[in-house]
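Enquirer: The following block contains the structure, expressed as structure tokens.
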Amino acid sequence: MSQELTLQQRMDGEGGSDPLRRAVKEAVAALAQAAIDISDLTCRGALAGITGKAQGRNTDGDVQKDLDVRADQIIREALGALPIAVLASEEMADLEILNPAAPISVAFDPLDGSSNINTNMSVGTIFSIMPTPSDASAAFVQPGSAQLAAGFVVYGPQTSLVLTLGQGVDIFTLDRVERVFKLTGSTVQIPPNATEFAINASNRRHWDLPVRAYIDECLMGADGMGGKDFNMRWIGSLVAEAFRILIRGGIFLYPGDARDGYEEGRLRLVYEAHPMAFIIEQAGGGATTGRQRVLDLVPRTLHQRVPLIMGSIKNVQRLEHMHTAPDVALETNAPLFGHRGLFRV
Ligand code: F6P
Ligand code: MN
Numbered sequence: 476m477s478q479e480l481t482l483q484q485r486m487d488g489e490g491g492s493d494p495l496r497r498a499v500k501e502a503v504a505a506l507a508q509a510a511i512d513i514s515d516l517t518c519r520g521a522l523a524g525i526t527g528k529a530q531g532r533n534t535d536g537d538v539q540k541d542l543d544v545r546a547d548q549i550i551r552e553a554l555g556a557l558p559i560a561v562l563a564s565e566e567m568a569d570l571e572i573l574n575p576a577a578p579i580s581v582a583f584d585p586l587d588g589s590s591n592i593n594t595n596m597s598v599g600t601i602f603s604i605m606p607t608p609s610d611a612s613a614a615f616v617q618p619g620s621a622q623l624a625a626g627f628v629v630y631g632p633q634t635s636l637v638l639t640l641g642q643g644v645d646i647f648t649l650d651r652v653e654r655v656f657k658l659t660g661s662t663v664q665i666p667p668n669a670t671e672f673a674i675n676a677s678n679r680r681h682w683d684l685p686v687r688a689y690i691d692e693c694l695m696g697a698d699g700m701g702g703k704d705f706n707m708r709w710i711g712s713l714v715a716e717a718f719r720i721l722i723r724g725g726i727f728l729y730p731g732d733a734r735d736g737y738e739e740g741r742l743r744l745v746y747e748a749h750p751m752a753f754i755i756e757q758a759g760g761g762a763t764t765g766r767q768r769v770l771d772l773v774p775r776t777l778h779q780r781v782p783l784i785m786g787s788i789k790n791v792q793r794l795e796h797m798h799t800a801p802d803v804a805l806e807t808n809a810p811l812f813g814h815r816g817l818f819r820v
């Protein structure tokens, strides 16, 4: 038996008699239990009847896979009996009001990265816990900075749970033998300056100038203004990219672009960008739309999309600088200004 603290033991000090903190602790424990069940399904795949095939679309138009639906049911069952005011899921068109007098409300993306299911690649679950305001139906009309806790699970070669309660970030690994999460990383810190970027580069022609300029700077590597060679990764699962960034730094971008329906990018503010931004900031990184800090945004609608750029703080600041100082972006975009360019000395 390994000696690491279990998630339960780690959280034992949390809560005490404060009903708000106790509710958070219970919700996290229930989400962790649900994640173990979802992990079983992802591991067994076709043997558990998981095909990864589309089953239809959710009410917001996204293709829904069998695992999306099962994961949503598992999480709702796990949370259903707890003191929770409102639930919001990527798979539900509207809020589900449970007990409006309860202190907390939970938003979740039950199965992130579902296009990866049938390719045996990492997928995950993301969650965000908010205090319930006096009008419970406004639980998710609060800035991301109001979150009490946020986390995500990666169902990869290991099943890992990343958690913040607003005082740093812990990583837990699922012990499959004992069926509990155990603490394998605490007070995680993202390296401030890194040389790995993640973006779906097939959309380059649709990006706006600052994003194109930043990525071109990365691609020019040691020959460009940044003066350093970069490496690229794109897994197509937000959870897996975020986990990689927590471990070794880098920058992830899903910006808005010129395609129809992608003006605000692809990711959802309430249950993707807000929790990720909370976790990344708690680990010393940054999360921005390019122009605004993600945690300052107040959602207008439940399934609102938002550009998300997150990761190592220096890289994120450089990208923000390109948004606010268009001259820098213009200059970087001109090959003549590279190290080997005509106007570079
Ligand atoms: O939840 C949306 C998502 O699956 C993310 O996990 C991932 O980052 C993104 O979509 C991938 O989008 P695309 O297929 O456009 O690259
Ligand atoms: Mn998702």
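Residue 771 in my numbering sits at position 296 of the sequence shown, with consecutive numbering throughout.
Heads up, the beta-carbon is just placed ideally off N, CA and C, and yes, glycines get one too.
Find the nearest neighbour of ARG775 within the set GLY786, GLY761, HIS798, GLU739, judged by alpha-carbon distance.
Expert: Locating residue 775 in the sequence shown gives position 300, where the first residue counts as 1. For the residues GLY786, GLY761, HIS798, GLU739, the minimum Cα distance to ARG775 belongs to GLU739.
Enquirer: Determine the burial state of HIS778: buried for a count of at least 16 other Cβ atoms within 10 Å of its Cβ, exposed for fewer.
Expert: Counting from 1 along the sequence shown, the entry for residue 778 is found at position 303. By the neighbour-count rule (16 or more Cβ atoms within 10 Å), HIS778 is buried.
Enquirer: Can you grab the Cα-Cα spacing for the pair GLY524 / LEU542, in whole Å?
Expert: Translated into the one-based positions of the sequence shown, residue 524 becomes position 49. Translated into the one-based positions of the sequence shown, residue 542 becomes position 67. The alpha-carbon atoms of GLY524 and LEU542 are separated by roughly 9 Å.
Enquirer: Could you spell out where the alpha helix (DSSP H) holding GLY555 opens and where it closes?
Expert: Sequence index remark: in the sequence shown, residue 555 carries index 80 (1-based). Residues 541 to 555.
Enquirer: To test your reading of the DSSP string, which unbroken alpha helix (DSSP H) runs of 4 or more residues are found completely within the stretch 655 to 731?
Expert: Listed in chain order, they are 684 to 695, 713 to 723.
Enquirer: Pop quiz: GLU566 and PRO578 are said to be a contact at Cβ under 8 Å. What is the actual Cβ separation, rounded to whole angstroms?
Expert: Within the sequence shown, the letter at position 91 stands for residue 566. Within the sequence shown, the letter at position 103 stands for residue 578. No, GLU566 and PRO578 are not in contact; Cβ-Cβ is about 24 Å, not under 8 Å.
Enquirer: So if DSSP puts PRO606 in a beta bridge, which residue, or which two residues, is it bridged to?
Expert: Residue numbering aside, residue 606 sits at position 131 when the sequence shown is read from its first letter. PRO606 is bridged to ILE579.
Enquirer: Taking PHE753 as part of the alpha helix (DSSP H), name the residues at either end of that continuous run.
Expert: As a first step, residue 753 must be located in the sequence shown, where it is residue number 278. First-last of the alpha helix (DSSP H) with PHE753: 749 to 757.
Enquirer: Do ASN574 and ALA556 come within 8 Å of each other at the CB atom, strictly closer than that value?
Expert: Looking up residue 556 in the sequence shown gives position 81. Looking up residue 574 in the sequence shown gives position 99. No; because the gap between Cβ atoms is not below 8 Å, this pair is not in contact.
Enquirer: So, with DSSP's three-state summary, where would you put GLY813?
Expert: Locating residue 813 in the sequence shown gives position 338, where the first residue counts as 1. Low confidence applies to GLY813: its pLDDT is 49, below 50, so where it sits in the model is not reliable enough to give any reading.
Enquirer: May I ask you to list the residues that DSSP assigns as paired with LEU638?
Expert: Taking the sequence shown and counting its residues from 1, one reaches residue 638 at position 163. DSSP output for LEU638 lists GLY626, ASP645 as bridge partner(s).
Enquirer: Can you tell me where the beta strand (DSSP E) with ARG532 in it begins and where it stops?
Expert: Taking the sequence shown and counting its residues from 1, one reaches residue 532 at position 57. Residues 529 to 532.
Enquirer: Grouping DSSP H, G and I as helix and E and B as strand, with all else coil, what is MET785?
Expert: Residue numbering aside, residue 785 sits at position 310 when the sequence shown is read from its first letter. Here MET785 sits in strand by DSSP.
Enquirer: What residues match up with ARG496 in a beta bridge as DSSP calls it?
Expert: The residue labelled residue 496 in the question sits at position 21 within the sequence shown. Answer is none; ARG496 lacks a bridge partner.
Enquirer: Could you please go through the chain and list the residues whose beta-carbon is closer than 5 Å to any non-hydrogen atom of ligand 2?
Expert: That query returns the following residues: ASP584, ASP587.
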